[in-house]
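Residue numbers (the UniProt record's numbering): 1 to 693.
Built from N, CA and C at the ideal position, the CB exists for glycine as well.
First the structure, in the form of structure tokens, and then the observations on it.
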């Protein structure tokens with residue numbers, strides 16, 4: 001239990017969301033306890049295989065057995081959350097080797113992470129009568145590793161451009177050279193180009209209908225030319241080049257088709273267009289394709305993932321069989337039931353209702369804190385209390401959130417209270433973000449006019465190059481020190497006459513901030529110049545959602561400042577966060593063995609599970625996110641999912657995010673919905689309320 005900032009209201013967790021009265025909690029039905037022990041008779045020809053699995057502690061249910069036994073032709077395996085999909089993939093590989101006498105090198109298993117590929121290979125090796133030698137002969141790789149191997153064996157020698165930072169440096173340099181650095185963000189351009197490529201649209205094929213399209217095309221062509229000259233390929237190139245290679249080299253394609261008689265794809269819902277095209281090439285003409293995935297967990301549309309590949313599988317592969325794995329082995333009845341009740345409202349999905357193998361367990365609990373800071377106190381207080389009582393370790397706990405900016409308050413509390421945690425995001429605190437630092441720098445200058453570090457951090461907003469301008473200021477200050485060293489900038493050789501007045505106005509503005517509340521000071525900075533500085537010029541017209549994320553960060557900064565009466569204590573708080581965060585960084589927590597809270601976005605959590613899960617920010621505008629609620633107005637949102645309603649598609653993906661978040665919990669699930677978000681009322685997420693309809 002905790003109190004809000006005024007100390008008047010107690011906040012705690014309740015059995016139902018606020019607003020739900022006298023309605024039964026959605027609970028999952030208990031699954032049949034029958035396993036292969038009862039379901040596979042001793043007289044059946046493959047009984048010995050299932051007996052050997054049972055001797056190794058692997059007991060499969062009826063639908064898992066059906067998937068494992070599948071031999072020839074396409075098979076769609078819909079694997080609900082926690083339904084044992086990896087066990088099915090592993091046991092089916094073992095079945096093909098042991099029962100169907102398929103040679104190991106005939107199997108191709110594709111997944112989306114190196115860790116998952118290694119785990120599959122290790123688990124296959126541990127199956128009865130398989131061993132390391134046979135398991136190592138199976139081609140179990142990520143899509144990218146498979147494509148890279150294919151390219152290397154075909155003579156491609158380019159180095160891998162894997163670092164996002166290097167791409168950003170190139171685009172930032174390119175944008176400065178073309179005077180477009182105030183028009184486009186490097187990170188956004190990288191994401192846009194990737195999205196095009198994964199839809200199999202290359203830079204040279206982009207339209208040139210207007211000035212913005214021409215600018216973007218030239219930027220992307222320059223990037224491609226740079227890579228070519230430097231003999232580099234990026235991760236998207238691996239997929240595209242491998243696909244084009246197979247189209248070009250018919251004999252190579254035929255040799256792969258002849259070798260890989262059985263293809264199995266994990267996490268099929270994450271497949272993008274080029275990966276799907278590669279799969280279709282590889283499985284012809286045998287069509288011995290088994291895909292495993294869950295359309296309810298398609299949450300990566302921004303990476304080109306499409307749930308209609310699952311929804312339309314039988315149309316693409318006529319005669320395909322389908323098996324639904326609908327028994328959840330991860331969570332208790334209450335958690336599985338809530339997940340079912342949330343996701344059933346989506347229209348573009350395969351109808352399924354998960355049962356649970358664990359009929360008992362704690363039901364989810366819900367809180368309605370006043371705002372994000374109250375919510376953070378409640379979460380961290382609960383974590384500390386649980387750990388102190390020995391109910392669980394820090395490493396058993398995950399805190400999940402929709403966006404990085406909405407996690408600011410919890411991050412602050414974890415640092416201040418010195419709760420060890422592993423940040424699976426960028427690692428920087430909210431106040432170290434590039435969008436936030438210049439605003440904080442202005443606040444620092446208002447009370448420390450000779451703070452040269454702060455001066456350097458805000459110079460870019462004066463439309464000068466910080467390194468050159470700072471060198472000039474230092475040099476002039478040595479000649480004649482000024483009360484406001486920033487005034488030296490009026491004599492900077494690269495400054496135009498009208499710009500001198502702007503500098504004087506800025507100094508006057510900074511001086512006026514000192515007596516203001518920090519929230520009001522930030523608002524004034526934004527309305528005076530900063531929002532305009534960030535506002536994209538005409539070239540940003542197609543990047544609506546990116547602009548929205550910048551606005552969110554600044555709105556969150558205002559929310560963080562709201563608790564403070566004066567600028568000095570606000571800056572002292574920021575400095576305390578920075579110092580304690582640096583101390584925690586020195587611990588060099590290793591995710592594999594650290595006893596630390598797992599702190600991550602819902603997107604990062606997919607495929608993971610934790611005994612205790614806190615989902616924060618389950619309020620309208622956060623989850624579902626405001627960008628989804630206005631998706632029909634956002635020109636940079638494309639409808640990648642089944643259907644043609646942009647707003648509905650965006651909302652359904654948000655609901656899938658809520659479903660993924662809920663189903664990460666094994667034993668305990670805590671959900672909180674702040675009543676106010678960044679100073680504005682926020683209703684409890686409709687995803688929660690509709691679960692009780």
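Original post:
In whole angstroms, what is the alpha-carbon distance linking residue 120 and residue 657?
Top reply: 26 Å
**OP:** Using a threshold of 8 Å, state whether the C-beta atoms of residue 688 and residue 17 are closer than that.
**Re:** Cβ distance < 8 Å, so residue 688 and residue 17 count as in contact.
Subject >> Contained beta strand (DSSP E) runs [length at least 3] in the region 116-201, N- to C-terminal order >> reply: Counting whole runs of 3 or more residues, the region 116-201 contains the beta strand (DSSP E) stretches 139-142.
**OP:** Taking the CB atoms as reference points, tell me whether residue 219 and residue 213 lie closer together than 8 Å.
**Re:** no
Original post:
Should residue 34 and residue 69 be called a contact, given that it needs their Cβ atoms to be closer than 8 Å?
Top reply: no
**OP:** Check each candidate in 431, 181, 493 and 664 and name the one with the smallest Cα separation from residue 560.
**Re:** 431
Subject >> Test item: CB-CB of residue 609 and residue 361 under 8 Å >> reply: no
Subject >> residue 113 (DSSP reduced to helix, strand or coil) >> reply: coil
**OP:** Would you decide whether residue 494 is buried or exposed? Buried here means 16 or more other CB atoms lie within 10 Å of its CB.
**Re:** exposed
**OP:** Count the other C-beta atoms from every protein chain shown that fall within 10 angstroms of the C-beta of residue 75, then say buried if there are 16 or more, exposed otherwise.
**Re:** Classified as buried, residue 75 has 16 or more neighbouring CB atoms from the shown chains inside 10 Å of its CB.
Original post:
Would you say the region 48-65 touches the region 301-316, given that touching needs at least three Cβ pairs under 8 Å?
Top reply: no
Original post:
Can you tell me whether DSSP reads residue 664 as helix, strand or coil?
Top reply: coil
Subject >> Sequence-distant residues of its chain with Cβ nearer than 8 Å to residue 389 (five each side left out) >> reply: none
Subject >> Among 485, 509, 280 and 96, the one whose alpha carbon lies nearest that of residue 317 >> reply: For residue 317, the nearest C-alpha among the options comes from 280.
**OP:** Please specify which runs of the alpha helix (DSSP H), each continuous and at least 4 residues long, are wholly inside the region 331-389, giving them in chain order.
**Re:** 333-343 and 372-389
Subject >> Residue range of the beta strand (DSSP E) that includes residue 398 >> reply: 397-401
Original post:
How would you call residue 98, buried or exposed, if buried means at least 16 neighbouring beta carbons within 10 angstroms?
Top reply: By the neighbour-count rule (16 or more Cβ atoms within 10 Å), residue 98 is buried.
Original post:
Apart from the five residues on each side of it in sequence, which residues of its chain come closer than 6 Å, Cβ to Cβ, to residue 690?
Top reply: 345
**OP:** Could you say if the region 591-606 and the region 674-683 meet the contact criterion of at least three C-beta pairs nearer than 8 Å?
**Re:** no
Original post:
Got a sec? Which residues, its chain only, sit under 6 Å from residue 458 by beta carbon, not counting five neighbours each side?
Top reply: In the same chain as residue 458, and ignoring 5 residues on each side of it, the C-beta atoms closer than 6 Å to its own belong to 438, 441 and 442, in chain order.
Subject >> Residue interval of the alpha helix (DSSP H) (run including residue 458) >> reply: 452-458
Original post:
Helix, strand or coil: which one does DSSP assign to residue 93?
Top reply: In this structure, residue 93 counts as helix in the three-state DSSP scheme.
Original post:
Secondary structure at residue 297, three-state DSSP: helix, strand or coil?
Top reply: helix
Original post:
Start and end of the beta strand (DSSP E) containing residue 416?
Top reply: Residue 416 -> not in any beta strand (DSSP E); alpha helix (DSSP H) instead, spanning 408-416.
**OP:** Identify which residue in 480, 449 and 565 has its Cα closest to the Cα of residue 521.
**Re:** 565
Original post:
Is the beta carbon of residue 444 less than 8 Å from the beta carbon of residue 454?
Top reply: yes
**OP:** Check each candidate in 517, 49, 348 and 174 and name the one with the smallest Cα separation from residue 446.
**Re:** 517
**OP:** Name the residue from 252, 131 and 600 whose alpha carbon lies nearest to the alpha carbon of residue 104.
**Re:** Among 252, 131 and 600, the Cα nearest to that of residue 104 is on 131.
**OP:** May I have the straight-line CA-CA distance separating residue 196 from residue 412, to the nearest angstrom?
**Re:** Straight across, the Cα-Cα distance linking residue 196 with residue 412 is about 37 Å.
**OP:** Drop a sphere of 10 angstroms on the beta-carbon of residue 112, count the other beta-carbons inside from all chains shown, and report buried for 16 or more, exposed for fewer.
**Re:** buried
Original post:
Roughly how many angstroms separate the alpha carbons of residue 181 and residue 222, rounded to a whole number?
Top reply: Going by C-alpha positions, residue 181 is about 15 Å away from residue 222.
**OP:** Quick one: grab the DSSP three-state call for residue 485.
**Re:** helix
Original post:
Where DSSP assigns a beta bridge to residue 322, which residues make up the other side?
Top reply: 76
Original post:
Could you give the distance in angstroms between the alpha-carbon of residue 296 and the alpha-carbon of residue 468?
Top reply: Their backbone Cα atoms lie some 52 Å apart in a straight line.
Subject >> Integer-rounded CB distance, given that residue 382 should sit under 8 Å from residue 11 >> reply: Contact flag wrong, Cβ pair sits at about 10 Å.
Original post:
Is it a yes or a no for the region 130-148 touching the region 166-178, going by three-plus beta-carbon pairs under 8 Å?
Top reply: no
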